[in-house]
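Using our numbering, you'd call the opening residue of the sequence shown number 6 and step up by one each time.
All residues carry an ideal CB built from backbone N, CA and C; glycine is no exception.
First comes the structure, then the notes that go with it.
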Amino acid sequence: MKLVLKILGILIIIIIGLLVAIPYFFRDQVAEAVKQEINKNINAQVDFDDFSLSLFKSFPDFNFEIEGLSIINKKPFAGDTLAYIPAFNLTLDLMSVIRGDAYEVKKITLHQPSINLLVKEGGAVNWDIALPSDNSSVPDVEGGEGQAFLVKLRDVKIQGARIIYDDKPLTTFVLLDGVDHSLSGDFTMDFTSLKTKTFIKNTTVVYDGVKYLNRVDVELDADIDADLVNSIYTLRKNSMRINQLFIGFDGSVAMQENGDINMMLSYNAKKSGFKNFLSLIPAIYAKDFESVQTSGSLSFSGNVKGIYNESTYPAFALNLMVGNGKFQYPDLPKSVDNINIHTKIMHPGGDFDNMVIDVSKFDFRMAGNPFAISLLVKNPMSDPQVEGDVNGELNLSQISEVYPLGAGDKLEGKLIAKISFDGRMSSLENEKYDEFQFLGSLLLEGINYKTSAIEAPVFIQKAQLNFSPEYLDLVSLKMKIGGNDLSAKGKIENFMPYVFNDGMLTGKLETGSTYFNLTELLPESTDAQAEVTSTDIQGSIDTVAPTAIEVPANINFSLNSSFKQLIYDDIEMNNVSGVIYVREQAVILNRLKMDVLDGSVNLSGKYDTKIPGKPLADLNIEISKIDIQKAYHTFGMMEKLAPIAEKTQGAFSTSFTLNTLLDNELIPVYNSMNGGGKLSTSTIVIDNVNTLNKLADILKMPDLKRMKTSPINLSFEFSDGKLRVKPFDIKYEDITANIGGTTGFDQSIDYDMKLNVPREKFGGQANAVLDNLILEANKLGADFSAGETIDINVKIGGTITNPQIKTALAGGSGNAVEDLKKKALDELEKQKKKLEAEARKELAKKKAEAKKEADRIIADAKKEAYKILRDAQAQVDAWNKTADKTAKMAKKEAEAQAKNIMDEAKKNGPLAELAAKTATEQLLKEANNNADKIVNEAKNKSNNLLKEAGEQANKINKDARKRADKVLEGK
Numbered sequence: 006m007k008l009v010l011k012i013l014g015i016l017i018i019i020i021i022g023l024l025v026a027i028p029y030f031f032r033d034q035v036a037e038a039v040k041q042e043i044n045k046n047i048n049a050q051v052d053f054d055d056f057s058l059s060l061f062k063s064f065p066d067f068n069f070e071i072e073g074l075s076i077i078n079k080k081p082f083a084g085d086t087l088a089y090i091p092a093f094n095l096t097l098d099l100m101s102v103i104r105g106d107a108y109e110v111k112k113i114t115l116h117q118p119s120i121n122l123l124v125k126e127g128g129a130v131n132w133d134i135a136l137p138s139d140n141s142s143v144p145d146v147e148g149g150e151g152q153a154f155l156v157k158l159r160d161v162k163i164q165g166a167r168i169i170y171d172d173k174p175l176t177t178f179v180l181l182d183g184v185d186h187s188l189s190g191d192f193t194m195d196f197t198s199l200k201t202k203t204f205i206k207n208t209t210v211v212y213d214g215v216k217y218l219n220r221v222d223v224e225l226d227a228d229i230d231a232d233l234v235n236s237i238y239t240l241r242k243n244s245m246r247i248n249q250l251f252i253g254f255d256g257s258v259a260m261q262e263n264g265d266i267n268m269m270l271s272y273n274a275k276k277s278g279f280k281n282f283l284s285l286i287p288a289i290y291a292k293d294f295e296s297v298q299t300s301g302s303l304s305f306s307g308n309v310k311g312i313y314n315e316s317t318y319p320a321f322a323l324n325l326m327v328g329n330g331k332f333q334y335p336d337l338p339k340s341v342d343n344i345n346i347h348t349k350i351m352h353p354g355g356d357f358d359n360m361v362i363d364v365s366k367f368d369f370r371m372a373g374n375p376f377a378i379s380l381l382v383k384n385p386m387s388d389p390q391v392e393g394d395v396n397g398e399l400n401l402s403q404i405s406e407v408y409p410l411g412a413g414d415k416l417e418g419k420l421i422a423k424i425s426f427d428g429r430m431s432s433l434e435n436e437k438y439d440e441f442q443f444l445g446s447l448l449l450e451g452i453n454y455k456t457s458a459i460e461a462p463v464f465i466q467k468a469q470l471n472f473s474p475e476y477l478d479l480v481s482l483k484m485k486i487g488g489n490d491l492s493a494k495g496k497i498e499n500f501m502p503y504v505f506n507d508g509m510l511t512g513k514l515e516t517g518s519t520y521f522n523l524t525e526l527l528p529e530s531t532d533a534q535a536e537v538t539s540t541d542i543q544g545s546i547d548t549v550a551p552t553a554i555e556v557p558a559n560i561n562f563s564l565n566s567s568f569k570q571l572i573y574d575d576i577e578m579n580n581v582s583g584v585i586y587v588r589e590q591a592v593i594l595n596r597l598k599m600d601v602l603d604g605s606v607n608l609s610g611k612y613d614t615k616i617p618g619k620p621l622a623d624l625n626i627e628i629s630k631i632d633i634q635k636a637y638h639t640f641g642m643m644e645k646l647a648p649i650a651e652k653t654q655g656a657f658s659t660s661f662t663l664n665t666l667l668d669n670e671l672i673p674v675y676n677s678m679n680g681g682g683k684l685s686t687s688t689i690v691i692d693n694v695n696t697l698n699k700l701a702d703i704l705k706m707p708d709l710k711r712m713k714t715s716p717i718n719l720s721f722e723f724s725d726g727k728l729r730v731k732p733f734d735i736k737y738e739d740i741t742a743n744i745g746g747t748t749g750f751d752q753s754i755d756y757d758m759k760l761n762v763p764r765e766k767f768g769g770q771a772n773a774v775l776d777n778l779i780l781e782a783n784k785l786g787a788d789f790s791a792g793e794t795i796d797i798n799v800k801i802g803g804t805i806t807n808p809q810i811k812t813a814l815a816g817g818s819g820n821a822v823e824d825l826k827k828k829a830l831d832e833l834e835k836q837k838k839k840l841e842a843e844a845r846k847e848l849a850k851k852k853a854e855a856k857k858e859a860d861r862i863i864a865d866a867k868k869e870a871y872k873i874l875r876d877a878q879a880q881v882d883a884w885n886k887t888a889d890k891t892a893k894m895a896k897k898e899a900e901a902q903a904k905n906i907m908d909e910a911k912k913n914g915p916l917a918e919l920a921a922k923t924a925t926e927q928l929l930k931e932a933n934n935n936a937d938k939i940v941n942e943a944k945n946k947s948n949n950l951l952k953e954a955g956e957q958a959n960k961i962n963k964d965a966r967k968r969a970d971k972v973l974e975g976k
């Protein structure tokens, strides 16, 4: 038995060891397959922090977990995070991993994913990231060749998801927060039953700036019969809850091969109590909803039938009936009753222009005050035909008797509405006002609203708006918000086409106020989605980035305003007046005048939003006698471009143009800025400025640290990301300067300053050094003087916070004081060099004379040597000539003598002639020998003579060169 237990223990240890070790062997293999599959199918930047493979979490299958999975879009949504999933789990079939072919996926779980679905103007969507592929090669769920994963799902779970859908073209924004979803079924089957369960903690739906659902919780349970072969999904048992409104669905949805969706759905409220419908009103649902006493009936139903695709919409219908509804809080004395709602929305299919919206009755009575609304809309897309009435009177002080206001909240006053309209939008657009009935008025009197939700109480003394087909007439508006007062009157035209058909809203208003503080009244964000947050790449939550205000294209307004005191962002403006136009997607200022910062400002120009996301400011600005330091602390642009203003006392005036793009916070995009103008100042005092402090230290002129200058006049321009200041003159006591250069919007500076400084302004130490140098220079014969004034060039570079300064005398380089010292030293060196030059000149003269004498000696020697050689050659020539002549004469005499002998021998016979021939040959031979001897003796004699002459000539030249060298050496 002990042996069995021992063996069993060993087996358990081995099994546990295998459970730990086996995932380790396959983790890199699976991770590589995941990466390859992602890159093969997705056109986006995909990354994850870590991954793990385990058998314990999903035994007997593998659990593959990816941590920190992010999917970031490429163009045109570059940088936007499509999804961030802190933990992503795949349950993989054990044997498929061991086999190493296609991994079978059985289950997918997503933990707290954040998903941002965006639609740009023009229709581009950020979730279209699937890479295009040949359909013929796309594998089905059973896999195919080259497929890394086989989808054999049985379970999908999403836990704590946050999903945002932001559709710009449809002006629709949906936030689903706290989404838990489960889907189970056998996806490997052709036919399967799916069970789905979804809970959404907070659902917000915003359309065209209006919140239709605000933080409602939604729950959906559904059983679905799925024909996975034909993509037909049929609803069976199901239930949907929106707050306390329960809805049931029946029908089916078929996904057709051509991309069409065939929908056959119907729905209806499962509970018929009015309280269920009342739960959709956030203010009531959030306030002790369970205790609210209600009565009345509810009927809510509808259907969707037909084909849905890019160009066709299915038929649909919605019916809402509330009969004799009533609600009352148990602790309050009065109720809202006689609530009757009859609403039908019908669409036969196809064009949306066939839709009819019929709110035939929307009546209620609040604390005994009746109120009734009706609305009928036909042809909403082409030429809306609208008919409706608003009729009732509300005593707002009685709201506290039917609804529990917050502690300290107060609401008083009277609202009287009597409005009726009937006609087509085209009648108003074509100014056929007799064809459109639009009459009535809206009157608010004594409205007093105070709540902890807003800091400033609102009091409307009177507001009256009269309605007619031509226009809305704002007869009077007098109101206060906290300590701010506002009055207005004017007319608004084309109101109905604007509301129902996006027509052009035009109008002319006059507004006035004695005191108005915009800073107190403007919310931190005017965006209806401001409270909604988005997820960054790490999954942390940030607030939605602000967006610049876009001016609608269909508004044409003129606003003639007069504000005695207007405050915005701590800027106090007095006597503000001017005309503001809102038209062509721009706000246009027409000589808007105001007194501000002890001076005045006159503005003209426009704020243009024609290019989405790139608002443009094009302004003409005139500023007169504004305090410099106050302007620095008020206008952020001065802090960036003229930080010296912080330490400057005085006033300035300027007139300039400015053209620049603006960012989402309406701050100039400085690199896009163009324009320029002129600026002038009063007498100003500049004190303790870093740049001037450094300059004063370098020049040893402490007075520069605090300067009272003469008035300044300069010109400037904005271009290439810089403020360019053209050279201008400035005077401080007896010092004059000319300054020009640039300040970069990146805080870089590059200025050139030309200073003319009286010598007396230099420090005593600097002057003593200069005097000594000048004295020494003049002792050497210089006539040097520093002059009464010194011209100094100053180069200012670096950045505003860390300026780099170099000084130099005009024409010099380096430090100005050192340059002045150097100038004196240069004069001293100049005198030394002058003496050296004169000495060199004298030496050169003597050398030239010596060279001349040496050259003469050598020349004379050459002449003498040449004469010796020439005479010797003449003697040799004479000797050779005489020898040649003597030899020739000897030969001639011998030849004559030989001839005579032969002539005589011929007379004595042959024998005598033969003997004579022998004798003559001997005679001629001796004669030739004697002649050669004479010539050779002459040559030998000549050679000896020429040799002696050459040696004598060489001796003469050599002796001459020695004498010449001694002359050159000065000996």
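Helix, strand or coil for Asp228? Go by DSSP, reduced to three states.
As a first step, residue 228 must be located in the sequence shown, where it is residue number 223. Strand, per DSSP.
Where does Ile672 land, buried or exposed, given buried means 16+ other C-beta within 10 angstroms?
Numbered from its first residue, the sequence shown carries residue 672 at position 667. With fewer than 16 other Cβ atoms within 10 Å, it is exposed.
Can you give me the Cβ contacts of Asn933 inside the same chain, cut-off strictly under 7 angstroms, excluding the 5 residues immediately before and after it?
Taking the sequence shown and counting its residues from 1, the one referred to as residue 933 is at position 928. Correct list, in chain order: Lys896.
I'd like to confirm the pairing. Which residues does DSSP put opposite Met484 in its beta bridges?
Taking the sequence shown and counting its residues from 1, the one referred to as residue 484 is at position 479. Beta-bridge pairing links Met484 to Ile465 and Leu491.
Compute every distance between the C-beta of Glu900 and the non-hydrogen atoms of the ligand GTP, then say whether any falls below 7 angstroms.
As for the ligand GTP, it is missing from this structure, which has no ligand bound.
Let me know the secondary structure DSSP gives Lys857 once reduced to three states.
In the sequence shown, residue 857 corresponds to position 852, counting from 1. In the structure shown, Lys857 sits in a helix (DSSP, three-state: H, G or I).
Opening and closing residue of the alpha helix (DSSP H) in which Pro287 lies
Position 282 of the sequence shown, counted from the start, is the residue given in the question as residue 287. Pro287 to Tyr290 is the span of the alpha helix (DSSP H), which, as asked, contains Pro287.
Which one or two residues does DSSP pair with Gly682 in a beta bridge?
Within the sequence shown, numbered from 1, the residue matching residue 682 stands at position 677. Gly682 is bridged to Phe661 and Phe721.
Please report the straight-line C-alpha distance between Lys645 and Phe750, rounded to a whole angstrom.
Position 640 of the sequence shown, counted from the start, is the residue given in the question as residue 645. Position 745 of the sequence shown, counted from the start, is the residue given in the question as residue 750. Looking at the two C-alpha atoms, the distance is approximately 7 angstroms.
Are the region 503-511 and the region 438-451 touching by the rule of at least three beta carbon pairs closer than 8 angstroms?
no
Are three or more beta carbon pairs between the region 959-967 and the region 894-913 nearer than 8 angstroms?
no
Span separating the alpha-carbon of Ile576 from that of Ala701
As a working note, residue 576 is residue 571 in the sequence shown. As a working note, residue 701 is residue 696 in the sequence shown. Between Ile576 and Ala701, the C-alpha separation is close to 36 angstroms.
Under a Cβ-count criterion, where at least 16 other Cβ atoms within 10 Å of its own Cβ denotes burial, should Lys727 be classed as buried or exposed?
Position 722 of the sequence shown, counted from the first residue, corresponds to residue 727. By the neighbour-count rule (16 or more Cβ atoms within 10 Å), Lys727 is buried.
Can you list, in chain order, the residues of its chain with a C-beta nearer than 6 angstroms to that of Phe305? Leave out the 5 residues immediately preceding and following it.
Stepping through the sequence shown from its first residue, residue 305 is reached at position 300. Excluding positions up to five away in sequence, the list reads Ala274 and Leu325.
Could you check if Thr688 is buried or exposed, using at least 16 other CB atoms within 10 Å of its CB as the buried criterion?
As a first step, residue 688 is located in the sequence shown; it is residue number 683 there, counting from the start. Answer is exposed; the Cβ neighbour count stays below 16.
Assumed close pair Lys310, Met260 - CB separation to whole angstroms, cut-off 8 angstroms
Taking the first residue of the sequence shown as 1, we reach residue 310 at position 305. Taking the first residue of the sequence shown as 1, we reach residue 260 at position 255. Contact flag wrong, Cβ pair sits at about 16 angstroms.
To which residues of the same chain is Phe500 closer than 7 angstroms at the C-beta, ignoring the five residues directly before and after it?
Mapped onto the sequence shown, residue 500 falls at position 495. Around Phe500: Leu477 and Leu510.
CB contact flag (Asp255, Ser236, <8 angstroms):
In the sequence shown, residue 255 corresponds to position 250, counting from 1. In the sequence shown, residue 236 corresponds to position 231, counting from 1. Not a contact, by the Cβ cut-off of 8 angstroms.
Classification of Gln590 by the beta-carbon crowding that lies within 10 angstroms, buried from 16 upward
Reading the sequence shown from its first residue, position 585 is the one you call residue 590. Buried, because 16 or more other Cβ atoms sit within 10 Å of the Cβ of Gln590.
Coil, strand or helix - Asn945 by DSSP
In the sequence shown, residue 945 corresponds to position 940, counting from 1. Asn945 falls in the helix class under three-state DSSP.
Restricting to Cα atoms, I'd like to know which of Lys890, Ala920 and Leu950 is closest to Asn935.
Here residue 935 refers to the residue found at position 930 when the sequence shown is read from its first residue. Checked all of Lys890, Ala920 and Leu950; the closest Cα to Asn935 is Lys890.
Glu295, DSSP secondary structure in three states
Taking the first residue of the sequence shown as position 1, residue 295 is located at position 290. The answer is helix: DSSP assigns Glu295 an H, G or I state.
Helix, strand or coil: how does DSSP classify Arg968 here?
Numbered from 1 along the sequence shown, position 963 holds the residue referred to as residue 968. In the structure shown, Arg968 sits in a helix (DSSP, three-state: H, G or I).
Beta-carbon spacing of Asp739, Thr747 below 8 angstroms:
Within the sequence shown, numbered from 1, the residue matching residue 739 stands at position 734. Within the sequence shown, numbered from 1, the residue matching residue 747 stands at position 742. Not in contact: Asp739 and Thr747 (Cβ atoms no closer than 8 angstroms).
Should the region 876-893 be called in touch with the region 940-952, which here means at least 3 C-beta pairs below 8 angstroms?
yes
Are the beta-carbon atoms belonging to Tyr520 and Lys569 less than 8 angstroms from one another?
Against the sequence shown, residue 520 aligns to sequence position 515. Against the sequence shown, residue 569 aligns to sequence position 564. Taking 8 angstroms as the Cβ cut-off, Tyr520 and Lys569 qualify as a contacting pair.
What did DSSP end up calling Met894 once you bin it into helix, strand or coil?
Translated into the one-based positions of the sequence shown, residue 894 becomes position 889. Three-state DSSP puts Met894 in a helix.
Nearest to Val601 (by Cα), restricted to the options Asn664, Phe657 and Arg241
Residue mapping note: residue 601 aligns to position 596 of the sequence shown, counting from 1. Comparing Cα positions, the closest option is Phe657.
Taking 8 angstroms as the threshold (beta carbon to beta carbon), is Asn359 in contact with chain C?
In the structure shown, chain C cannot be found, because there is only a single protein chain.
Can you tell me whether Phe82 is buried or exposed, with buried defined as 16 or more other CB within 10 angstroms of its CB?
Along the sequence shown, read from residue 1 onward, the residue named residue 82 stands at position 77. Looking at its Cβ environment, which holds 16 or more other Cβ atoms inside 10 Å, Phe82 is buried.
From Arg764, His186, Ala135 and Lys173, residue whose alpha carbon lies closest to that of Pro617
Along the sequence shown, read from residue 1 onward, the residue named residue 617 stands at position 612. Closest by alpha carbon: Lys173.
DSSP on Phe505, reduced to helix/strand/coil?
For the purposes of this step, residue 505 is taken as residue 500 along the sequence shown, with counting starting at 1. In this structure, Phe505 counts as helix in the three-state DSSP scheme.
Can you tell me which of the three DSSP states Leu410 falls into?
Stepping through the sequence shown from its first residue, residue 410 is reached at position 405. DSSP places Leu410 in coil when its eight states are reduced to three.
In whole angstroms, give me the CA-to-CA distance for Phe31 and Glu70.
In the sequence shown, the residue the question calls residue 31 occupies position 26. In the sequence shown, the residue the question calls residue 70 occupies position 65. Any reading at Phe31 must be qualified, since the residue scores a pLDDT of 44, below 50, and its modelled position is unreliable; the value itself is stated next. Those two C-alpha atoms are separated by around 13 angstroms.
On the three-state DSSP scale, how would you describe Phe279?
Residue 279 sits at position 274 when you count from the first residue of the sequence shown. Phe279: helix per DSSP, three-state reduction.
With a threshold of 8 angstroms on Cβ separation, who are the neighbours of Val407 within its own chain once the five nearest residues in sequence on each side are excluded?
One-based indexing of the sequence shown puts residue 407 at position 402. The answer, listed in chain order, is Gln333, Tyr334, Leu337, Lys339, Ser340, Val341, Met371 and Ala372.
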